[in-house]
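Residue numbers (UniProt numbering): 1 to 103.
Quick notes on the structure that follows.
Next up, the structure:
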């Protein structure tokens with residue numbers, strides 16, 4: 001494991017990471033810091049905690065809207081995959097209920 005010293009919104013953090021993951025983590029730190037700086041400079045949020053929560057919500061929204069580049073489900077966003085999987089699980093649970101009563 002390697003230690004990375006990161007600075008996000010003026011605060012220092014030490015993170016441990018496998019050497020092969022270091023470039024990805026450094027890029028993630030830069031991305032988080034940039035998003036938080038954008039929110040801070042908008043002047044609407046004052047507290048670091050609120051800025052962090054807003055940045056997390058924005059990034060989660062971006063993640064859920066990422067689309068698969070190809071394949072039969074290429075037109076679906078990640079959030080849509082999750083919704084459909086949840087629906088299938090619900091249907092399976094309903095279908096299994098009568099069988100569970102038999103045992």
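The C-beta atom is built at its ideal place from N, Cα and C for all residues, glycine as well.
C-alpha gap between residue i and residue j, whole angstroms
| i | j | result |
| --- | --- | --- |
| residue 22 | residue 2 | 8 Å |
| residue 64 | residue 97 | 31 Å |
| residue 48 | residue 87 | 37 Å |
| residue 43 | residue 15 | 29 Å |
| residue 89 | residue 95 | 10 Å |
| residue 37 | residue 85 | 36 Å |
| residue 46 | residue 93 | 46 Å |
Candidates the options, of which the one nearest residue i by Cα
| i | options | result |
| --- | --- | --- |
| residue 62 | 46, 80 and 50 | 80 |
| residue 31 | 65, 84 and 56 | 56 |
| residue 33 | 6, 18 and 42 | 6 |
| residue 13 | 4, 49 and 20 | 4 |
Expected contact under 8 Å - CB spacing of residue i and residue j to nearest Å
| i | j | result |
| --- | --- | --- |
| residue 17 | residue 25 | 5 Å |
| residue 59 | residue 35 | 7 Å |
| residue 66 | residue 54 | Not really, about 20 Å apart at Cβ, beyond 8 Å. |
Practice item. Jot down the residue ranges of each uninterrupted beta strand (DSSP E) in the segment 5-64, minimum 3 residues, whole runs only, in chain order. Key: 11-17
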